[in-house]
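Novice: Protein chains in written order, with our numbering: chain W, 1 to 337; chain S, 338 to 674.
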């Protein structure tokens, strides 16, 4: 990627942006070079993760939020990364006939990109991070990352956001609630969507109670040691953000203005408390660690011949060698241990 | 772990088993040594993954299936690994008051172990694999692995099973169905549980139609290239297992005998077609690769001083260096590149 292409991207050329995203997604040499060339221009965008169970209305919320953002006086540019396989943004196999938000797709200040949730080389978190960097460099002010809040990989994706919104709906079964109990720990903002359904106020109270429980006990179930309670309390003092619980009806754009206000308040809080900088540093630290691992993986695969690997695997299959011993043997062979 | 302890475990001592699982889970030196000592005794157990959306009744199915297995003439020993955070087996935070299947917990031929879904060092797949090996060596004939079928990490867990059962329920919303579309690809057996609910036969027909679609198109959405269709067809010829769709009412033990019959038929198919051996080999190959990565990670962390890492990170924070360049710089410094 040469200086001229960087210039074209930063000027807002959508075709260039689209091509670079594809190069990055396929992890081609061109994609790697693009990330390298664009990195100096990153670090500005506000990354917002939107997560929750299937059917919570995350896509509608992303949709409504994007429209609200675009109506602001400064009309920030918005990028949407749909990691959620059920998202209509990602054009999920079974949802092909859904409304695809034609108005958003025609807005030059909005860019929508989906991501395959499986087989993403280097993992979902790495791929989402890479996409975010491209959008960031291309001048997108807000990056909305939509993901299903159920799996470990999805939680990692959300972890790279500055602001995490967890979307709930009234009257969900207790099993789904239990999943959310895990995901509450990562929420900066809680939204009860479809708030015209019966039980919305109950859901709000339930979530507020869960949040209070979260402050009373340590994060993970079963760790009730006094040390963690102390740690929790001190964290609370240094990071005094209490996740608010909001009601929305996304498909009618109700409650979206309030939600945007809370998002902006969270951004302000992050910047003033220094948490933004801490999060950025952590994200970059993880990016370096991922790059080290990736480099090492590429390197040992290049150094260990397929024949040697197969012969060692055969010994493991015959139970003459354990996988751990096999790994150490292979690494000793290439003089890395 | 000495020869005597191995002997004690293999003789069926539950206290020893419990202690070893804890050592393995905490990735202690003792845990690593135990895996090393036990590996020669592994390779016999039939690993069965049970996955599906929250609320599908996976735990009830595991429960009923375990009872059915224990009633067989050979009364196979059954281990249950609950990776599902909503499972009553794992004693999820919010489900503490549920029935905990006291009869299973008192059966000396059944061992139930839950696993934290987050923060598992080395990932869920590695931890589940390690647990499986301990149970396998300890003489458990069947290992049931229960997991929520939504995230990438969970799919990886299921991938290490010989037989994967996907559990569905009648009348689930289309968004949840869409998730299942992804998970269908990994199913060896499909179960429509809670089959006394309205729409059970529709669900069966829906799943059968989805499976047929799966044979007609290539696995991932959007890849309709003729090459993949040919590949698909040839795979179909060499692996002629067509996933059957069964109805069950797990809490009433209905349909469980048929399910067990199908599981046994799948096991027979795996062994006779050579697929069992292929899957074993692939699982061991992945175990070696994970061990190599883990060793390399431990090693670079020991070689790169925190001061050097921090200084490099600072350059990245200041956008003087990209994460990729930083990684390569650090690896060159320790002469690995």
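The beta carbon of each residue, even a glycine, is placed where N, CA and C say it ideally should be. Source: prediction; values computed, not measured.
In whole angstroms, what separates the C-alpha of residue 358 (chain S) from that of residue 468 (chain S)?
Specialist: Answer to the nearest angstrom: the Cα atoms are 6 Å apart.
Novice: Go ahead and pull the three-state DSSP assignment for residue 368 (chain S).
Specialist: In this structure, residue 368 (chain S) counts as helix in the three-state DSSP scheme.
Novice: Which same chain residues, not among the five before or five after residue 627 (chain S), have their C-beta less than 6 Å away from its C-beta?
Specialist: Only 463 meet the Cβ criterion.
Novice: What is the rounded straight-line gap between the Cα of residue 81 (chain W) and the Cα of residue 580 (chain S)?
Specialist: Cα to Cα, residue 81 (chain W) sits roughly 34 Å from residue 580 (chain S).
Novice: Using the Cα positions of residue 251 (chain W) and residue 196 (chain W), report the straight-line distance between them to the nearest angstrom.
Specialist: Taking the straight line from one Cα to the other gives about 11 Å.
Novice: Suppose the cutoff is 8 Å on Cβ atoms and the five residues either side in sequence are ignored; what does the same chain contact list for residue 670 (chain S) look like?
Specialist: So the qualifying residues of the chain are 641, 645.
Novice: Please confirm if residue 73 (chain W) has its CB atom under 9 Å from at least one CB of chain S.
Specialist: Output row for residue 73 (chain W): interface = no.
Novice: Once the 5 residues before and after residue 292 (chain W) are set aside, which same chain residues still bring their CB inside 6 Å of it?
Specialist: None.
Novice: So the beta strand (DSSP E) residue 602 (chain S) belongs to, where does it begin and stop?
Specialist: Element bounds for residue 602 (chain S): not the beta strand (DSSP E) but the alpha helix (DSSP H), 593-610.
Novice: Three-state secondary structure (DSSP) at residue 141 (chain W)?
Specialist: In this structure, residue 141 (chain W) counts as coil in the three-state DSSP scheme.
Novice: Which first and last residues belong to the beta strand (DSSP E) in which residue 388 (chain S) is found?
Specialist: Note, residue 388 (chain S): beta strand (DSSP E), 383-389.
Novice: Compute the Euclidean distance between the alpha carbons of residue 331 (chain W) and residue 35 (chain W), then round it to the nearest angstrom.
Specialist: Each residue's alpha carbon lies about 31 Å from the other.
Novice: Quick one: using the 10 Å Cβ neighbour count with 16 as the cut-off for buried, is residue 434 (chain S) buried or exposed?
Specialist: Its pLDDT being 31, under 50, residue 434 (chain S) is placed unreliably in this model, and the value from its coordinates should be taken loosely. Exposed, by the Cβ-count rule.
Novice: Would you call the stretch 190-204 of chain W and the stretch 162-170 of chain W in contact, with 3 or more CB pairs under 8 Å?
Specialist: The stretch 190-204 of chain W, when compared against the stretch 162-170 of chain W, does touch it at the 8 Å Cβ threshold.
Novice: When the Cα atoms are used, what is the spatial distance from residue 541 (chain S) to residue 446 (chain S)?
Specialist: Spanning the two alpha carbons is a distance of roughly 34 Å.
Novice: Below 8 Å on the Cβ atoms is my guess for residue 497 (chain S) versus residue 384 (chain S); work out the distance and round it to an integer in Å.
Specialist: At roughly 7 Å, the Cβ-Cβ gap stays under 8 Å, so residue 497 (chain S) and residue 384 (chain S) are in contact.
Novice: Report the three-state DSSP secondary structure of residue 535 (chain S) (helix, strand or coil).
Specialist: The answer is coil: DSSP assigns residue 535 (chain S) none of H, G, I, E or B.
Novice: With H, G and I counted as helix, E and B as strand and the rest as coil, what does DSSP make of residue 247 (chain W)?
Specialist: Here residue 247 (chain W) sits in strand by DSSP.
Novice: Within 10 angstroms of its Cβ, does residue 301 (chain W) collect 16 or more other Cβ (buried), or is it exposed?
Specialist: With fewer than 16 other Cβ atoms within 10 Å, it is exposed.
Novice: If you drop the 5 nearest sequence neighbours on each side, which residues of the same chain put their C-beta closer than 8 Å to that of residue 692 (chain S)?
Specialist: This structure gives no information on residue 692 (chain S), because the portion of chain S shown stretches from 338 to 674.
Novice: Rounding to the nearest angstrom, what Cα-Cα distance links residue 30 (chain W) and residue 76 (chain W) in this structure?
Specialist: Approximately 29 Å, taken between the alpha carbons.
Novice: Output, in chain order, the set of chain S residues within a Cβ distance shorter than 7 Å of residue 40 (chain W).
Specialist: 656, listed in chain order.
Novice: So residue 388 (chain S) packs on residue 470 (chain S), CB below 8 Å; how close in whole Å?
Specialist: Rounded, the Cβ-Cβ distance is 21 Å, inconsistent with contact.
Novice: Run down chain S in chain order and give the residues with a C-beta less than 7 Å from the C-beta of residue 284 (chain W).
Specialist: Within 7 Å Cβ-Cβ: 650, 653, 654, 660.
Novice: Starting from residue 190 (chain W), trace the alpha helix (DSSP H) both ways and give me its first and last residue.
Specialist: Premise fails: residue 190 (chain W) lies in the beta strand (DSSP E), 189-192, not in any alpha helix (DSSP H).
Novice: Alpha carbon to alpha carbon, how far is residue 508 (chain S) from residue 28 (chain W)?
Specialist: Their backbone Cα atoms lie some 43 Å apart in a straight line.
Novice: Below 8 Å, can you find three or more Cβ-Cβ pairs linking the stretch 345-357 of chain S to the stretch 473-483 of chain S?
Specialist: The stretch 345-357 of chain S is in contact with the stretch 473-483 of chain S.
Novice: Could you check whether the Cβ of residue 127 (chain W) sits closer than 9 Å to any Cβ belonging to chain S?
Specialist: Taking Cβ atoms only, chain S never reaches closer than 9 Å to residue 127 (chain W), which makes this a no.
Novice: Whole angstroms is fine: what's the gap from residue 415 (chain S)'s alpha carbon to residue 594 (chain S)'s?
Specialist: So the alpha carbons of these two residues sit roughly 16 Å apart.
Novice: Just by C-beta distance, which residues in the stretch 350-375 of chain S are closer than 8 Å to chain W?
Specialist: Listed by position along the chain: 369, 372, 373.
Novice: Which residues of chain S have a Cβ atom closer than 8 Å to the Cβ of residue 44 (chain W), listed in chain order?
Specialist: Simply none; closest approach about 11 Å.
Novice: Going along chain S in order, which residues have a C-beta closer than 8 Å to the C-beta of residue 281 (chain W)?
Specialist: Result: 650, 654.
Novice: Tell me which residue opens and which closes the alpha helix (DSSP H) that residue 10 (chain W) is part of.
Specialist: Taken as a continuous stretch (DSSP letters only), the alpha helix (DSSP H) holding residue 10 (chain W) covers 3-11.
Novice: Report the neighbours of residue 300 (chain W) on chain S: residues whose CB is nearer than 8 Å to its CB, in chain order.
Specialist: Those within 8 Å of residue 300 (chain W) in chain S are 629, 633.
Novice: According to DSSP, simplified to helix, strand and coil, what is residue 590 (chain S)?
Specialist: Correct three-state label for residue 590 (chain S): coil.
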